[in-house]
Amino acid sequence: RRRRKMPAMMGLCWSLPRVCATFADFVMGSAVDGGNLKTIPVLFAYCPGGSSTRNAEHLFAIRKATFRPWDYGPKGNLAHYNTSIVPPEYNLTNVRVPVALYYGETDRLASTKGMKAQVKALPNVFKASIVPGFNHID
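Numbering (mature numbering (1 follows the signal peptide of the UniProt record, and there is no 0)), first residue to last: -21 to -1, 1 to 117.
Quick look at the structure:
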C-alpha cells in the first residue's frame, strides 16, 4: 500500500521546521528528540499515519467524558447499539488477554491520569510503565 504524502505540509516543514515542531509538540508532546529538526518534515509527510480525523474526534470525546464507542447521535446510537441514545461504556472486564501498557511521560494524547484509569479498569494488566521523555509517536 502506498502512503499518501502531504506535499504542502512537507514543503512548509522543510522551510519552517521550527513551526512544525512547535505544532507537533503542542499536539503530541515533545516531538523533537534532541533538537533534530530534520525528522519533522518526514513526520508530517506521513500524517495522519493510519488514523483519521474521525479517530481524533473520538479520542478527544473520550478524554472529555468516558470510554465509549463512537457517538452517532441519539437516533444513530439507537440504531447502531440497539440499547440507548447514548453509546454504552466499553466493558473492559471482558478483556481476557494479558495486557502490558507503556505510555509516554510527555504524551499529550494519552494522559497519565487516563492510563492509570485504564490500568484499574482492565483485569489482566501484568505491566504498566511510564517511559520518561516519550511522547505519542515514540
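Where is the CB? At the ideal position from N, CA and C, for every residue including glycine.
Just verifying my parser: in three-state terms, what is the DSSP assignment at residue i?
i      : result
L80    : strand
R(-21) : Because the pLDDT of R(-21) is 48, which lies under 50, any placement of that residue in the model is unreliable, and the number read from its coordinates should be weighed accordingly. In this structure, R(-21) counts as coil in the three-state DSSP scheme.
S(-7)  : helix
K95    : helix
I41    : helix
N73    : helix
E36    : helix
D86    : coil
D4     : helix
Starting from residue i, follow the beta strand (DSSP E) in both directions and report where the run begins and ends.
i    : result
A58  : Taken as a continuous stretch (DSSP letters only), A58 belongs to no beta strand (DSSP E), being part of the alpha helix (DSSP H) at P53 to Y60.
A107 : V104 to V110
Hey, quick one: how far does the alpha helix (DSSP H) through residue i stretch, first residue to last?
i   : result
P20 : T18 to A24
Which whole-angstrom value is the C-beta distance of residue i and residue j, which I expect to be below 8 Å?
i    : j   : result
S108 : Y81 : 5 Å
G55  : E84 : Not a contact, Cβ separation roughly 38 Å.
D50  : A40 : 6 Å
Report the residue from the options whose alpha carbon sits nearest the alpha carbon of residue i.
i    : options                     : result
T72  : P102, V98, C(-9) and R87    : P102
D117 : S(-7), L22, W(-8) and R(-4) : L22
G52  : F46, I41, P66 and A40       : P66
N15  : K99, R(-4), A24 and L88     : R(-4)
D4   : K95, R33, D86 and V110      : D86
A35  : A89, M94, K99 and A100      : A89
T45  : V6, A79, A100 and V104      : A100
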